[in-house]
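Peer 1:
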Amino acid sequence: MVAAINHIEDPKINAILREVSDPEIPVLSIMDMGVVRSVERVGEHELLIKITPTYSGCPAMDTIATDIMLALGGAGFKTKVELVLSPAWTTDWITEYGRKQLQEYGIAPPESESLDKAALIDGKRVVACPQCKSKNTEMVSQFGSTACKALFKCLDCLEPFDYFKCLK
Amino acid sequence: MKSNNLYQYLLLLGDHSMILGHRLSELCGHGPSLETDIALTNISLDLFGQVRSYFQYAAKLAGGDATENTIAYLRTERKYLSSTILEQENRDFAHVIVRQFLFDVYHRLLLEELQNSKDDQIAAIATKSLKEVKYHLRFSTSWMNRLGAGTEESNQRMQVALDYLLPMAHELVTASDIETAMKDEEIAPDLNVLAIEYWTQVKAVIQESNLKYPEFKDRVVRGKQGIHSEHMGRLLSEFQYMQRAYPNMQW
Ligand SMILES: [Zn+2]
Chain H
1 MVAAINHIED
11 PKINAILREV
21 SDPEIPVLSI
31 MDMGVVRSVE
41 RVGEHELLIK
51 ITPTYSGCPA
61 MDTIATDIML
71 ALGGAGFKTK
81 VELVLSPAWT
91 TDWITEYGRK
101 QLQEYGIAPP
111 ESESLDKAAL
121 IDGKRVVACP
131 QCKSKNTEMV
141 SQFGSTACKA
151 LFKCLDCLEP
161 FDYFKCLK
Chain R
1001 MKSNNLYQYL
1011 LLLGDHSMIL
1021 GHRLSELCGH
1031 GPSLETDIAL
1041 TNISLDLFGQ
1051 VRSYFQYAAK
1061 LAGGDATENT
1071 IAYLRTERKY
1081 LSSTILEQEN
1091 RDFAHVIVRQ
1101 FLFDVYHRLL
1111 LEELQNSKDD
1121 QIAAIATKSL
1131 KEVKYHLRFS
1141 TSWMNRLGAG
1151 TEESNQRMQV
1161 ALDYLLPMAH
1171 ELVTASDIET
1181 AMKDEEIAPD
1191 LNVLAIEYWT
1201 QVKAVIQESN
1211 LKYPEFKDRV
1221 VRGKQGIHSE
1231 HMGRLLSEFQ
1241 YMQRAYPNMQ
1251 W
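From first to last, the protein sequence lines stand for chains H and R.
Numbering follows the numbering used here, with no gaps: position 8 of the first sequence is 8.
Count along the second sequence from 1, then add 1000; that gives the number in the numbering used here.
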């Protein structure tokens, strides 16, 4: 988490935020996604949470904001959620645990910028299939089921899968 | 006046993404293949995301009852400031790709410059959007190459689209009064400088795609002044339908 000046680390609040997920990738909490930028206490029971969108057009942001308010509201906090654009989100902010979660869910986590380019532009076989781990995979489409993903298929187990595109 | 110019500039930026985004949204469920259908609607979604950022900011400047939605839906045709090329119809996939490519080259160069805008919010939106637009440009360039260097028919269709659309592209990189005012305040880049790089890149891709740079005279187009082609009225009647039929409706 890139903390704002008044950012607080409160285990109780963090635990509640861990329960909120992106509705399009339910296994991944918004904390592991790197969407929550800061938590600020503005009153005894009042919080200001700053979140940032993954992609500009991400339709999940409104839902995420509502879910945060409901979750923290249930714990007695009056919460305001603010959308911030700068600094812009990058896939580097997905935590190690988050990457593991993606993998188990069947989405190949983002590769480094250079490997990502090799896979998406030069058609190199570098992205590992989340099912069988083979790197004998090929891109079907640079754009996939949501803005953040590309569509791949595995040439060994023949399963199609989503690849979370590197965004830097 | 200072903030009025900024307000108008935000409309201009947002309208460019919005009008093209709307044209792309018309292809939802109608793309030539599943992958291209998904790609074009994903690009549309990115563009609309940018529109929301620009118009939320514009609504803040305008104050009162203005919202991103009133700005998007409740203007008359003359108040939309998008370049004429963007409202052109989806005649066939070649037209869709050429229009996209001519815009993407401009869009990337513009956003690269806007990252250093003196206006912090515009700089933040540009930095965010640039990451997405790089993907758009990759997509449209690869289709320029594939169709230009594809079959005789695909090459010929691409050439028809290029001959039709290229004479309108100059508007993208020709400064309107608003853009000049913004350049003077160091909020927007100098389009005269940007134009040089624009044409270099456009010509290079036309050449590598086995297409001919058409001999043409620039068409007189004044979309950025709010004077649009015949297609804009029909586009807006579809785009604004819900708000006109059911004023203030909400989902
Ligand atoms: Zn596999």
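Think of the CB as a built atom: it goes at the ideal place given N, C-alpha and C, for glycine as much as any other residue.
Could you tell me which residues DSSP pairs with H:K80 in its beta bridges?
Peer 2: Here residue 80 of chain H is taken as the residue at index 80 of the first sequence, counted from 1. Paired residues: H:L48.
Peer 1: In the DSSP assignment, find the unbroken beta strand (DSSP E) run with H:P26 in it and report its ends.
Peer 2: Locating residue 26 of chain H in the first sequence gives position 26, where the first residue counts as 1. H:P26 -> beta strand (DSSP E) spans I25 to S29.
Peer 1: Starting from R:L1045, find everything on chain H with Cβ-Cβ shorter than 7 angstroms and list it in chain order.
Peer 2: Start at 1 with the first residue of the second sequence, and residue 1045 of chain R comes out as number 45. Simply G57 and A147.
Peer 1: Checking 9 angstroms against the spacing of the C-beta atoms, do R:I1178 and R:K1118 come in under that value?
Peer 2: Reading the second sequence from its first residue, position 178 is the one you call residue 1178 of chain R. Reading the second sequence from its first residue, position 118 is the one you call residue 1118 of chain R. It is not a contact, given that the beta carbons lie outside the stated cut-off.
Peer 1: Mind listing which residues have their beta carbon within less than 6 angstroms of any non-hydrogen atom of ligand 2? Chain order is fine.
Peer 2: With respect to ligand 2, the structure shown offers nothing to examine, as its ligands consist of ligand 1.
Peer 1: For chain R, find out if any of its Cβ atoms is closer than 9 angstroms to the Cβ of H:L155; answer yes or no.
Peer 2: Stepping through the first sequence from its first residue, residue 155 of chain H is reached at position 155. So, not an interface residue.
Peer 1: Here's the rule: buried if 16 or more other CB atoms are within 10 angstroms of the residue's CB, otherwise exposed. What is H:P110?
Peer 2: Here residue 110 of chain H refers to the residue found at position 110 of the first sequence. By the neighbour-count rule (16 or more Cβ atoms within 10 Å), H:P110 is buried.
Peer 1: Please compile the residues from chain R whose C-beta is within a distance smaller than 7 angstroms of the C-beta of H:I86.
Peer 2: Residue mapping note: residue 86 of chain H aligns to position 86 of the first sequence, counting from 1. Note on residue identity: the sequence assigns Ser, not Ile, to residue 86 of chain H. A1124 and T1127, listed in chain order.
Peer 1: Output, in chain order, the set of chain R residues within a Cβ distance shorter than 7 angstroms of H:V140.
Peer 2: Stepping through the first sequence from its first residue, residue 140 of chain H is reached at position 140. Here the neighbours are E1035.
Peer 1: 9 angstroms is my cut-off, CB to CB: does R:S1053 come that close to chain H?
Peer 2: Mapped onto the second sequence, residue 1053 of chain R falls at position 53. True, the Cβ-Cβ gap to chain H drops below 9 angstroms.
Peer 1: DSSP beta-bridge partners for H:A108?
Peer 2: Working through the first sequence from its first residue, we reach residue 108 of chain H at position 108. H:A108 is bridged to H:Y163.
Peer 1: Taking Cβ positions, are R:V1253 and R:I1085 nearer each other than 9 angstroms?
Peer 2: There is no way to answer for residue 1253 of chain R, as the model of chain R reaches only from 1001 to 1251.
Peer 1: Please state if the CB of H:F161 and the CB of R:E1035 are separated by a distance shorter than 9 angstroms.
Peer 2: Indexing the second sequence from 1 puts residue 1035 of chain R at position 35. Indexing the first sequence from 1 puts residue 161 of chain H at position 161. No. Outside cutoff.
Peer 1: Measure the C-alpha to C-alpha separation of R:R1078 and R:L1012 and round it to an integer number of angstroms.
Peer 2: Reading the second sequence from its first residue, position 78 is the one you call residue 1078 of chain R. Reading the second sequence from its first residue, position 12 is the one you call residue 1012 of chain R. R:R1078 and R:L1012: Cα-Cα distance of roughly 12 angstroms.
Peer 1: Can you tell me whether R:C1028 is buried or exposed, with buried defined as 16 or more other CB within 10 angstroms of its CB?
Peer 2: Residue numbering aside, residue 1028 of chain R sits at position 28 when the second sequence is read from its first letter. Looking at its Cβ environment, which holds fewer than 16 other Cβ atoms inside 10 Å, R:C1028 is exposed.
Peer 1: Check this for me: beta carbons of H:S29 and H:L47, under 9 angstroms apart or not?
Peer 2: In the first sequence, counting from the first residue as 1, residue 29 of chain H sits at position 29. In the first sequence, counting from the first residue as 1, residue 47 of chain H sits at position 47. No; because the gap between Cβ atoms is not below 9 angstroms, this pair is not in contact.
Peer 1: Determine the DSSP secondary structure at R:G1233, reduced to helix, strand or coil.
Peer 2: Taking the second sequence and counting its residues from 1, the one referred to as residue 1233 of chain R is at position 233. Three-state result, R:G1233: helix.
Peer 1: Quick one: does R:I1178 have its CB under 9 angstroms from some CB of chain H?
Peer 2: Position 178 of the second sequence, counting from 1, holds the residue named residue 1178 of chain R. No, its Cβ sits nowhere closer than 9 angstroms to a Cβ of chain H.
Peer 1: Quick one: grab the DSSP three-state call for R:E1215.
Peer 2: Within the second sequence, numbered from 1, the residue matching residue 1215 of chain R stands at position 215. Coil.
Peer 1: Can you tell me whether DSSP reads H:A147 as helix, strand or coil?
Peer 2: Locating residue 147 of chain H in the first sequence gives position 147, where the first residue counts as 1. Note: H:A147 maps to coil in three-state DSSP.
Peer 1: Using a Cβ distance threshold of 8 angstroms, determine whether the region 1012-1027 of chain R contacts the region 147-159 of chain H, with at least three qualifying pairs required.
Peer 2: The region 1012-1027 of chain R vs the region 147-159 of chain H: no contact.
Peer 1: Would you tell me roughly how many angstroms separate the C-alpha atoms of H:I107 and R:D1163, rounded to the nearest one?
Peer 2: In the first sequence, the residue the question calls residue 107 of chain H occupies position 107. In the second sequence, the residue the question calls residue 1163 of chain R occupies position 163. Their backbone Cα atoms lie some 42 angstroms apart in a straight line.
Peer 1: Between R:H1136 and the rest of its own chain, which residues show a CB-CB distance below 6 angstroms, the 5 nearest in sequence each way excluded?
Peer 2: Mapped onto the second sequence, residue 1136 of chain R falls at position 136. For R:H1136, where only same-chain residues beyond five positions count, the Cβ hits under 6 angstroms are I1043 and D1104.
Peer 1: Let's test the definition: count the other Cβ atoms within 10 Å of the Cβ of H:V42 and tell me whether it reaches 16, buried, or not, exposed.
Peer 2: Residue mapping note: residue 42 of chain H aligns to position 42 of the first sequence, counting from 1. Classification for H:V42: exposed.
Peer 1: Rounded to whole angstroms, what is the Cα-Cα separation between R:P1167 and H:T91?
Peer 2: Counted from its first residue, the second sequence places residue 1167 of chain R at position 167. Counted from its first residue, the first sequence places residue 91 of chain H at position 91. Answer to the nearest angstrom: the Cα atoms are 39 angstroms apart.
Peer 1: Can you tell me which residues form a DSSP beta bridge with H:M139?
Peer 2: Working through the first sequence from its first residue, we reach residue 139 of chain H at position 139. Answer is H:F152.
Peer 1: Counting C-beta neighbours from all protein chains within 10 Å, is the total for H:K12 16 or more, i.e. buried, or is it exposed?
Peer 2: Looking up residue 12 of chain H in the first sequence gives position 12. H:K12 is exposed by the Cβ-count criterion.
Peer 1: How about R:Y1054 and R:Q1240: do their beta carbons lie closer than 9 angstroms?
Peer 2: In the second sequence, counting from the first residue as 1, residue 1054 of chain R sits at position 54. In the second sequence, counting from the first residue as 1, residue 1240 of chain R sits at position 240. Going by C-beta atoms, R:Y1054 is not nearer than 9 angstroms to R:Q1240.
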